[in-house]
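Count the sequence shown with this note's numbering and you get residues 2 to 463, in order.
Where is the CB? At the ideal position from N, CA and C, for every residue including glycine.
Only a predicted model underlies this, so the values are computations on that prediction, with no experimental measurement involved.
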Amino acid sequence: MKSNDLLRQLPRMDELIEALNLHDGPLRPIAKTIISDYLSRLREQIQSGQCKSISRDEIVMELKKLLDLMTAERFIPVINGTGVVLHTNLGRSTISKVILDEAVEILCRYNTLEYNVKEGKRGSRYDTIESLICLLTGAESAIVVNNNAAAVMLVLSSLASNREVIVSRGEMVEIGGSFRIPEVMKLSGALLKEIGTTNKTHLSDYRDAMSEATGLVMKVHTSNYKVMGFTSSVDSVELSLLCENAGIPVYEDLGSGLLYDLGKHGLGDEPVIQQVVKNGIDIISFSGDKLLGASQCGIILGKSKYIDKMKKNQLLRALRIDKFSLAVLERTLRRYFYDKEAISSIDTLRRLTQSEAEIEAAVNGFLSHLSEDYDTERLKVISLYSEVGGGAMPMVEMPSFGLEFTAENPNDLQQGMRKLRVPIVSKIMEDKVVLDFRTIGKDEYSELIEGLLTLNLISGLK
Numbered sequence: 002m003k004s005n006d007l008l009r010q011l012p013r014m015d016e017l018i019e020a021l022n023l024h025d026g027p028l029r030p031i032a033k034t035i036i037s038d039y040l041s042r043l044r045e046q047i048q049s050g051q052c053k054s055i056s057r058d059e060i061v062m063e064l065k066k067l068l069d070l071m072t073a074e075r076f077i078p079v080i081n082g083t084g085v086v087l088h089t090n091l092g093r094s095t096i097s098k099v100i101l102d103e104a105v106e107i108l109c110r111y112n113t114l115e116y117n118v119k120e121g122k123r124g125s126r127y128d129t130i131e132s133l134i135c136l137l138t139g140a141e142s143a144i145v146v147n148n149n150a151a152a153v154m155l156v157l158s159s160l161a162s163n164r165e166v167i168v169s170r171g172e173m174v175e176i177g178g179s180f181r182i183p184e185v186m187k188l189s190g191a192l193l194k195e196i197g198t199t200n201k202t203h204l205s206d207y208r209d210a211m212s213e214a215t216g217l218v219m220k221v222h223t224s225n226y227k228v229m230g231f232t233s234s235v236d237s238v239e240l241s242l243l244c245e246n247a248g249i250p251v252y253e254d255l256g257s258g259l260l261y262d263l264g265k266h267g268l269g270d271e272p273v274i275q276q277v278v279k280n281g282i283d284i285i286s287f288s289g290d291k292l293l294g295a296s297q298c299g300i301i302l303g304k305s306k307y308i309d310k311m312k313k314n315q316l317l318r319a320l321r322i323d324k325f326s327l328a329v330l331e332r333t334l335r336r337y338f339y340d341k342e343a344i345s346s347i348d349t350l351r352r353l354t355q356s357e358a359e360i361e362a363a364v365n366g367f368l369s370h371l372s373e374d375y376d377t378e379r380l381k382v383i384s385l386y387s388e389v390g391g392g393a394m395p396m397v398e399m400p401s402f403g404l405e406f407t408a409e410n411p412n413d414l415q416q417g418m419r420k421l422r423v424p425i426v427s428k429i430m431e432d433k434v435v436l437d438f439r440t441i442g443k444d445e446y447s448e449l450i451e452g453l454l455t456l457n458l459i460s461g462l463k
């Protein structure tokens, strides 16, 4: 067919708008642009001889795909096969369904977010959560903001604006997204005063740096890296005593807050918040969605005279925690009053404390659903190590089990897994694609099987 004849067969804009059912709404002007661009490309292909025939139905179908792609959901669940429990890119701590269901009961109704039922008047969104935090940690007072970066900003702004803050050079950290302590200092109005060296800072360094210009001493827990070898740092107890005698508040940014002692399970030596409070630190802050296993937030606790200043800071309104995060946080914190309940109902703690034997049993349980004739040369059960992640406990490796897939091109297979209806995020070890079952739940098995079947990695089910 001649190109002019094909061009005449191209459907009009109004026909395509009608066929796509886009009579009104915000998508219509965007759709008109997409349709116009698509028809222009099609005309070029016809004129160059690349396109020999056209079908109105096929054009409508292609346009529908383009529109669906534009409006497709981007925030979707994935299967985390990396073994990184607090995967920063995959949402950090997951929220257990039982805790979420309790939170939903509150969020789907009017609630006491800022209402005092007893007195019948306006209350504070911090009252209930503050009492819980203080009961669990032994702190005098507490406040919660939307993340730990906000917590750092609020502490510095409230206690050290236009004053010097003493920080060891060995603790000048940068976390994800180029969040750097020196840059935050500038934004808060605090003046950074560095002491010591990268590998060694002594108590005398802090003492010598103190002056009438000092507003705060800041200790930063290096939760996302370790300095090994010829090193020296000042512990919380020594620093607290020095600051108390000097009449200068001391603040410790723990990064990843830990209320349950994972050392009982042989998992590293991360400081437990209750002990840091006992050590005499005046102000402590940490994240809610890391080792705590709750929603995204930044928790600040410590002595009332300092927390009260933060409550009066106008910056707090911009940084305050929202009701969704607050509902999940409160329900999570209540679990910490009983160790067994914390381990069983807080996903992060459950995954971190899972034994190697439990994970091996989980892998074998998954395989029991598959056909007995799966290719053992292509699919193997292996032992491996999981990571904590989330910038916490960088040196800790947890023995685990998973599945190993052999492929001609492991990068292509890994990419194929990410393109599934429910993406599977894997890792590559020794040119093999690996799924670590520490971070894969039993409720995800059906979706995992669906994905493996789609990629022809398994032949079927029993």
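**Prompt:** Which ranges does the alpha helix (DSSP H) cover as unbroken runs of at least 4 residues, wholly within the stretch 109 to 194, from first to last along the chain?
**Reply:** Listed in chain order, they are 128 to 138, 149 to 161, 182 to 189.
**From D69, V86, L68, D6, residue whose alpha carbon lies closest to that of T349** = Of the candidates D69, V86, L68, D6, the one whose C-alpha sits nearest the C-alpha of T349 is V86.
**Message:** For the pair the stretch 314 to 333 and the stretch 270 to 281, tell me if three or more CB-CB distances fall below 8 Å.
**Reply:** For the pair of segments examined, the stretch 314 to 333 was found not to touch the stretch 270 to 281: the number of CB pairs separated by less than 8 Å stays below three.
**Prompt:** Does at least one heavy atom of the ligand MG sit under 7 Å from the Cβ of D6?
**Reply:** The model depicted lacks the ligand MG and carries no ligand whatsoever.
**Buried versus exposed call for Q10 [16 or more other C-beta atoms within 10 Å across all chains shown]** = exposed
**Asked** Can you tell me where the beta strand (DSSP E) with D437 in it begins and where it stops?
**Response** 433 to 437
**Prompt:** What is the C-beta distance between A210 and K194, in whole angstroms, given that I count them as a contact (C-beta under 8 Å)?
**Reply:** 6 Å
**Prompt:** What are the boundary residues of the alpha helix (DSSP H) that includes K310?
**Reply:** 305 to 312
**Prompt:** In chain order, what residues of the same chain have a beta carbon less than 6 Å from the beta carbon of L157, not counting five sequence neighbours either side?
**Reply:** S189, A191
**Prompt:** Can you give the Cα-Cα distance for A20 and I80, rounded to whole angstroms?
**Reply:** 37 Å
**Asked** Given a threshold of 16 other Cβ atoms within 10 Å of its Cβ, counted over all protein chains shown, does V118 qualify as buried or as exposed?
**Response** Label assigned to V118: exposed.
**Message:** Let's test the definition: count the other Cβ atoms within 10 Å of the Cβ of H546 and tell me whether it reaches 16, buried, or not, exposed.
**Reply:** Residue 546 falls outside the range modelled here, since the chain spans only 2 to 463, and no answer is possible.
**Extent of the continuous alpha helix (DSSP H) run through Y207** = 204 to 210
**Prompt:** Based on the DSSP secondary-structure assignment, which residues constitute the bridge partners of S233?
**Reply:** K201
**Request:** Would you kindly report the start and end of the unbroken beta strand (DSSP E) that includes E357?
**Result:** Looking at the DSSP string, E357 is not in any beta strand (DSSP E); the run it does join, the alpha helix (DSSP H), is 357 to 368.
**Asked** So which of T113, Y127, G82 has the shortest CA-CA distance to G121?
**Response** Nearest in C-alpha terms to G121, of all of T113, Y127, G82, is T113.
**Request:** Specify the secondary structure class of A214 as computed by DSSP and reduced to three states.
**Result:** Assignment of A214 by DSSP, reduced to helix, strand and coil, places it in the coil class.
**Request:** Return the Cβ separation of T129 and E342 in integer angstroms, given the expectation that the two are a contact with Cβ distance under 8 Å.
**Result:** About 19 Å separates the two Cβ atoms, so there is no contact after all.
**Prompt:** Hey, M186 and V218 are a contact pair by Cβ (cut 8 Å); roughly how many whole angstroms apart?
**Reply:** That belief does not hold up - the Cβ atoms of M186 and V218 are roughly 13 Å apart, past 8 Å.
**Prompt:** Just reading off the alpha helix (DSSP H) that F402 is part of, what are its end residues?
**Reply:** Run containing F402: none in the alpha helix (DSSP H); it sits in the beta strand (DSSP E), 393 to 406.
**Asked** For the alpha helix (DSSP H) that K33 lies in, which residues bound it at each end?
**Response** 28 to 49
**Residue interval of the beta strand (DSSP E) (run including K265)** = No beta strand (DSSP E) contains K265, which DSSP labels as neither H nor E.
**Asked** On the three-pair Cβ rule with 8 Å, is the stretch 290 to 297 touching the stretch 67 to 78?
**Response** no
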